[in-house]
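Heads up: the sequence lines are chains A and B, in that order.
Following the UniProt record's numbering, the numbering of the first sequence begins with 1 at its first residue and continues without gaps.
Following the UniProt record's numbering, the numbering of the second sequence begins with 1 at its first residue and continues without gaps.
Written below as structure tokens is the structure these notes are about.
There are 2 protein chains.
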Amino acid sequence: MKDVATAAGVALKTVSRVVNGEPGVHPATAERVRAAIDRLGYSRNESARVLRRGRTATIGLVIEDVADPFYAGLSRAVEEVVIAHDCLLLSGSSGEEPGRERELVETFCARRVDGLIIVPAGDDHTYLRPELEAGTKVAFADRPPGAGLAADTVLADNAGGAGQAVRHLLEHGHHRIAFLGDAPGIFTAAERHRGYRDALGGLYDARLVAMRPPAPETMRADLERMFALDRPPTALFTGNGRCTVAALRALAGQRPVALVGFDDFELADLLRPGVTVVVQDPAWMGRVAAELLFRRLRGDVGPPEHIQLPVRLVARGSGELPP
Amino acid sequence: MKDVATAAGVALKTVSRVVNGEPGVHPATAERVRAAIDRLGYSRNESARVLRRGRTATIGLVIEDVADPFYAGLSRAVEEVVIAHDCLLLSGSSGEEPGRERELVETFCARRVDGLIIVPAGDDHTYLRPELEAGTKVAFADRPPGAGLAADTVLADNAGGAGQAVRHLLEHGHHRIAFLGDAPGIFTAAERHRGYRDALGGLYDARLVAMRPPAPETMRADLERMFALDRPPTALFTGNGRCTVAALRALAGQRPVALVGFDDFELADLLRPGVTVVVQDPAWMGRVAAELLFRRLRGDVGPPEHIQLPVRLVARGSGELPP
DNA sequence: ATGAAAGCGCTAACAC
DNA sequence: GTGTTAGCGCTTTCAT
Chain A
1 MKDVATAAGV
11 ALKTVSRVVN
21 GEPGVHPATA
31 ERVRAAIDRL
41 GYSRNESARV
51 LRRGRTATIG
61 LVIEDVADPF
71 YAGLSRAVEE
81 VVIAHDCLLL
91 SGSSGEEPGR
101 ERELVETFCA
111 RRVDGLIIVP
121 AGDDHTYLRP
131 ELEAGTKVAF
141 ADRPPGAGLA
151 ADTVLADNAG
161 GAGQAVRHLL
171 EHGHHRIAFL
181 GDAPGIFTAA
191 ERHRGYRDAL
201 GGLYDARLVA
211 MRPPAPETMR
221 ADLERMFALD
231 RPPTALFTGN
241 GRCTVAALRA
251 LAGQRPVALV
261 GFDDFELADL
271 LRPGVTVVVQ
281 DPAWMGRVAA
291 ELLFRRLRGD
301 VGPPEHIQLP
311 VRLVARGSGE
321 LPP
Chain B
1 MKDVATAAGV
11 ALKTVSRVVN
21 GEPGVHPATA
31 ERVRAAIDRL
41 GYSRNESARV
51 LRRGRTATIG
61 LVIEDVADPF
71 YAGLSRAVEE
81 VVIAHDCLLL
91 SGSSGEEPGR
101 ERELVETFCA
111 RRVDGLIIVP
121 AGDDHTYLRP
131 ELEAGTKVAF
141 ADRPPGAGLA
151 ADTVLADNAG
161 GAGQAVRHLL
171 EHGHHRIAFL
181 GDAPGIFTAA
191 ERHRGYRDAL
201 GGLYDARLVA
211 MRPPAPETMR
221 ADLERMFALD
231 RPPTALFTGN
241 GRCTVAALRA
251 LAGQRPVALV
261 GFDDFELADL
271 LRPGVTVVVQ
281 DPAWMGRVAA
291 ELLFRRLRGD
301 VGPPEHIQLP
311 VRLVARGSGE
321 LPP
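As structure tokens, then:
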């Protein structure tokens with residue numbers, strides 16, 4: 001900036017004014033400055049700017065895994081909102097590890113992000129307290145923060161969606177409905193299990209429940225165990241996209257079994273039968289979380305918002321198979 | 001840092017030493033400083049550090065769209081390498097728009113990223129010249145930079161993979177093989193078309209070629225046009241994952257037609273017939289590009305590297321259907 | 001309409 | 001083993 005000022009024969013401050021589009025510079029002077037900028041290939045040093053102003057115009061996003069389609073969709077939506085607000089997005093994947101989540105958050109905070117959007121892996125967020133007090137805004141998506149922290153949160157109607165799935169299968173004549181969900185420590189998995197259990201009422205049977213990270217072998221083992229029961233399941237409810245895919249793969253080649261999955265996935269309609277799913281909208285969730293965050297950054301105070309997004313069942317065939 | 005120094009009864013520089021793990025601080029002093037840090041909830045201001053040191057420990061990644069599984073996989077791999085080097089990742093999606101690509105790159109450069117990994121949308125990268133001269137390192141992935149710019153580049157064997165696909169179909173008795181590819185302006189689409197044409201030789205027929213962004217309606221129209229020809233295609237070669245999915249959707253419910261697609265996708269093995277594809281590895285590409293970049297950041301000079309990653313055909317049924 | 005000076009929080013260079 | 005000083009490039013405040 002000093003070099004530009006020298007080259008244009010003006011003071012540093014005038015260059016600053018031009019670069020920032022501040023008023024009060026003579027058009028001719030401004031033109032001279034702009035020429036010098038082009039000639040020297042100058043571009044403003046954002047670090048210095050941030051240091052001086054205190055605001056970074058950067059948002060941090062912590063998700064589980066960008067390579068998971070659900071979070072990829074959420075990321076893209078967040079990115080769009082962030083860009084629309086002339087900010088930049090730092091993002092990282094926690095891989096479902098609380099330690100990694102905290103590391104990412106702390107790194108982002110050290111970079112003085114203005115706000116954070118977190119899909120938590122852990123359930124203790126007291127470590128965020130100092131940051132919140134320092135003015136960093138935080139919004140949670142997909143899963144709520146751990147106890148003792150109040151912050152804007154956007155969740156899907158997990159229990160309600162699970163209830164819809166179960167009732168749909170009940171209506172199609174099933175009484176033995178298995179639940180194949182992710183690890184019970186994951187909020188969404190627990191909520192969907194709750195919705196499943198509540199909808200089943202007296203039909204609930206713990207032997208028809210398996211909850212752990214979906215892997216081909218364990219999924220196959222769980223299904224074999226359940227099908228070997230006296231009264232085996234006639235229908236399956238899978239707890240998220242990865243579980244659904246794992247189950248479909250484990251069942252491939254066998255006689256089709258009634259199935260409803262939580263989360264839509266590409267090609268669900270092209271399989272035979274088409275896969276009936278409870279659909280949630282990751283982009284919507286991302287957009288809402290980001291908008292919530294920017295509202296706070298704009299100075300909105302008031303109690304934390306808790307938004308629940310509706311989900312809906314899309315029937316494609318697999319959920320309508322008879323027992 | 002000043003406050004911490006006061007609280008610990010030491011000089012600023014000593015705090016700096018402790019924070020940065022520099023040697024030459026008495027363990028007892030260091031402990032006192034750490035206690036003060038915890039008590040005050042201090043965390044180093046990275047902007048100031050960057051301003052002073054000149055290095056940001058940040059890498060910028062420009063891709064087409066995080067929500068596309070191919071780029072999501074690439075992103076995740078890049079992220080892992082970046083983290084392993086104690087750096088952070090800024091990322092953005094260009095949405096196949098050259099203007100947006102340039103905007104993102106310039107924003108990243110204003111933030112003084114140490115290096116950039118770019119999946120280019122445009123074909124003119126002369127705008128990068130000043131940045132390169134300023135010392136920013138750049139690596140290209142999936143597509144090469146525009147003419148006149150020499151930089152490390154990682155590409156898949158697009159033409160070779162297309163050749164494999166076509167020869168596979170020829171070996172299964174097909175002589176009329178259509179190509180359904182993305183817009184010809186996209187490097188990978190053009191290369192795959194070239195490989196297709198070369199492998200077909202005298203059998204090449206321009207009426208069996210359609211190249212444009214895959215959309216349900218246009219895909220259906222293209223297929224209808226081709227199937228209405230005197231000598232309609234008996235097999236299809238689709239130019240990328242999105243084209244394959246669009247074609248499968250357009251053909252759903254009809255008699256299965258022989259098909260080989262470029263790019264693998266989730267569930268390709270669960271469709272009936274399984275979808276034969278030419279597989280490339282997005283994570284590998286991301287990892288190689290990132291490693292190349294960090295090698296440059298470590299000071300490696302020497303001529304730009306051009307790496308071509310192999311692809312391989314995975315037969316699953318659809319590519320083995322007879323004419 | 002333009003400029004001079006102070007200082008954001010840190011690290012590098014050099015004392016002691 | 002510890003402290004002092006200068007200055008990274010910018011914005012803010014206040015003068016002119």
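Where is the CB? At the ideal position from N, CA and C, for every residue including glycine.
Residue span of the beta strand (DSSP E) that contains R312/B, given as start and end: Along the second sequence, read from residue 1 onward, the residue named residue 312/B stands at position 312. R312 to V314 is the span of the beta strand (DSSP E), which, as asked, contains R312/B.
Sub-8 Å separation of L180/A and D114/A beta-carbons: Along the first sequence, read from residue 1 onward, the residue named residue 180/A stands at position 180. Along the first sequence, read from residue 1 onward, the residue named residue 114/A stands at position 114. Contact flag unset, no.
Beta-carbon spacing of L251/A, G319/A below 8 Å: Locating residue 251/A in the first sequence gives position 251, counting from the first residue. Locating residue 319/A in the first sequence gives position 319, counting from the first residue. One thing to note: L251/A has its Cβ no nearer than 8 Å to the Cβ of G319/A.
Below 6 Å CB to CB, which residues in the same chain sit around G73/B once its five sequence neighbours on both sides are set aside? Translated into the one-based positions of the second sequence, residue 73/B becomes position 73. Answer for G73/B: P282 and A283, listed in chain order.
Would I177/A and A235/A be called neighbours here (beta carbons separated by less than 8 Å)? The sequence position of residue 177/A within the first sequence is 177, counting from 1. The sequence position of residue 235/A within the first sequence is 235, counting from 1. It is a contact, given that the beta carbons lie within the stated cut-off.
Please identify, using Cβ separations under 8 Å, the residues of the stretch 251-263 of chain B that lie next to chain A, in order along the chain. Considering only beta carbons, the part of the stretch 251-263 of chain B lying closer than 8 Å to chain A consists of A252, in chain order.
Put I177/B into one of helix, strand or coil per three-state DSSP. In the second sequence, residue 177/B corresponds to position 177, counting from 1. Reduced to three states, the DSSP call for I177/B is strand.
Buried versus exposed, by CB contacts within 10 Å (16 or more), R81/A: By one-based count along the first sequence, residue 81/A stands at place 81. Correcting the residue identity first, residue 81/A is Val in this sequence and not Arg. A residue is called buried when at least 16 other Cβ atoms come within 10 angstroms of its Cβ; V81/A meets this threshold and is buried.
Helix, strand or coil for A190/B per DSSP? For the purposes of this step, residue 190/B is identified with residue 190 of the second sequence, where counting begins at 1. The answer is helix: DSSP assigns A190/B an H, G or I state.
Near-chain A residues of the stretch 228-248 of chain B (beta-carbon distance less than 8 Å), N- to C-terminal order: For the stretch 228-248 of chain B, which is checked against every Cβ of chain A, the residues closer than 8 Å are V245 and L248.
From the DSSP output, which residues share a beta bridge with K137/A? The residue labelled residue 137/A in the question sits at position 137 within the first sequence. Paired residue(s): G115/A.
Can you pull the chain A neighbours of N45/B, defined as C-beta to C-beta under 8 Å? Here residue 45/B refers to the residue found at position 45 when the second sequence is read from its first residue. Within 8 Å Cβ-Cβ: L51, A110 and R112.
Residue-level contact to chain A via CB, G41/B, 8 Å cutoff: Residue 41/B sits at position 41 when you count from the first residue of the second sequence. Yes - at least one Cβ of chain A is within 8 Å of the one on G41/B.
Using beta carbons (cut-off 8 Å, strictly below), is L180/B in contact with chain A? Here residue 180/B is taken as the residue at index 180 of the second sequence, counted from 1. No, because no Cβ of chain A sits closer than 8 Å to the Cβ of L180/B.
Starting from the beta carbon of A67/A, find every residue of chain B whose beta carbon is closer than 7 Å, and list them in chain order. On the first sequence, residue 67/A is found 67 positions in, with the first residue counted as 1. By Cβ distance, chain B contributes A72, G73 and R76.
First through last residue of the alpha helix (DSSP H) which encompasses Q164/A: Within the first sequence, the letter at position 164 stands for residue 164/A. Q164/A -> alpha helix (DSSP H) spans N158 to E171.
What is the DSSP secondary structure of V50/B, reduced to helix, strand or coil? By 1-based counting over the second sequence, the position of residue 50/B is 50. In the structure shown, the three-state DSSP call for V50/B is helix.
Measure the C-alpha to C-alpha separation of R207/B and S43/A and round it to an integer number of angstroms. What you label residue 207/B is simply residue 207 of the second sequence in a count that begins at 1. What you label residue 43/A is simply residue 43 of the first sequence in a count that begins at 1. Cα to Cα, R207/B sits roughly 50 Å from S43/A.
Chain B contact residues for R272/A, given Cβ-Cβ distances below 7 Å: For this step, residue 272/A is matched to residue 272 along the first sequence. Simply R272.
Can you tell me where the beta strand (DSSP E) holding F237/B begins and where it ends? Indexing the second sequence from 1 puts residue 237/B at position 237. If you look at F237/B, you'll find it in the beta strand (DSSP E) that goes A235 to T238.
Around the C-beta of P145/A, are 16 or more other C-beta atoms found within 10 angstroms, so that it is buried, or is it exposed? In the first sequence, counting from the first residue as 1, residue 145/A sits at position 145. Of the residues assessed, P145/A falls on the buried side of the cut-off, its CB having 16 or more other CB atoms within 10 angstroms.
The stretch 31-41 of chain B contacting the stretch 5-17 of chain B, beta-carbon criterion three pairs below 8 Å: The count of Cβ pairs closer than 8 Å, one atom from the stretch 31-41 of chain B and one from the stretch 5-17 of chain B, reaches three, so the stretches are in contact.
Per DSSP, cross-strand counterpart(s) of V209/B: Walking along the second sequence from the start, residue 209/B turns up at place 209. DSSP, once it has assigned bridges, lists F179/B as partnering V209/B.
Tell me, to the nearest whole angstrom, how far the beta carbon of P304/B is from that of A151/B; I am working on the premise that it is less than 8 Å. The sequence position of residue 304/B within the second sequence is 304, counting from 1. The sequence position of residue 151/B within the second sequence is 151, counting from 1. With a Cβ gap of about 5 Å, P304/B and A151/B count as contacting.
L321/A versus G173/B: straight-line alpha-carbon distance, rounded: Counting from one through the first sequence, the residue named residue 321/A turns up at place 321. Counting from one through the second sequence, the residue named residue 173/B turns up at place 173. Cα to Cα, the separation comes out at about 39 Å.
With a CB to CB cut of under 6 Å and the five nearest residues on each side skipped, what residues in its chain are close to H85/B? Mapped onto the second sequence, residue 85/B falls at position 85. The answer, listed in chain order, is F294.
Measure the C-alpha to C-alpha separation of G160/A and R76/A and round it to an integer number of angstroms. In the first sequence, counting from the first residue as 1, residue 160/A sits at position 160. In the first sequence, counting from the first residue as 1, residue 76/A sits at position 76. So the two alpha carbons sit approximately 26 Å from each other.
Cβ of G24/A within 7 Å of any heavy atom in the ligand ADP? This structure simply doesn't include the ligand ADP, nor any ligand for that matter.
According to DSSP, is F70/A helix, strand or coil? Here the question's residue 70/A lines up with position 70 in the first sequence. Here F70/A sits in helix by DSSP.
Roughly how many angstroms lie between the CA atoms of P130/B and R112/A, to the nearest whole one? Along the second sequence, one-based indexing puts residue 130/B at 130. Along the first sequence, one-based indexing puts residue 112/A at 112. Those two C-alpha atoms are separated by around 28 Å.
Less than 8 Å between the C-beta atoms of R287/B and K137/B, yes or no? Within the second sequence, the letter at position 287 stands for residue 287/B. Within the second sequence, the letter at position 137 stands for residue 137/B. K137/B is positioned such that its CB atom lies no closer than 8 Å to that of R287/B.
Excluding the 5 residues flanking R197/B on each side, which residues of the same chain have their C-beta closer than 7 Å to its C-beta? Here residue 197/B refers to the residue found at position 197 of the second sequence. Cβ within range, chain order: Y204.
At 3 residues or longer, and completely inside the stretch 220-282 of chain A: list those beta strand (DSSP E) runs for me, N to C. DSSP runs (the beta strand (DSSP E)) wholly in the stretch 220-282 of chain A: 235-238, 258-262 and 276-279.
Mind listing which residues of the stretch 81-104 of chain A have their C-beta closer than 8 Å to chain B's C-betas, in chain order? The stretch 81-104 of chain A vs chain B, Cβ under 8 Å: I83, L88, L89, L90, S91, G92 and S93.
Touching or not, the stretch 97-111 of chain A and the stretch 261-271 of chain A, by the rule of three or more beta carbon pairs under 8 Å? Segments in contact, no.
Find the nearest neighbour of A162/A within the set G135/A, R194/A, D142/A and T153/A, judged by alpha-carbon distance. Along the first sequence, read from residue 1 onward, the residue named residue 162/A stands at position 162. It is R194/A whose Cα lies nearest to the Cα of A162/A.
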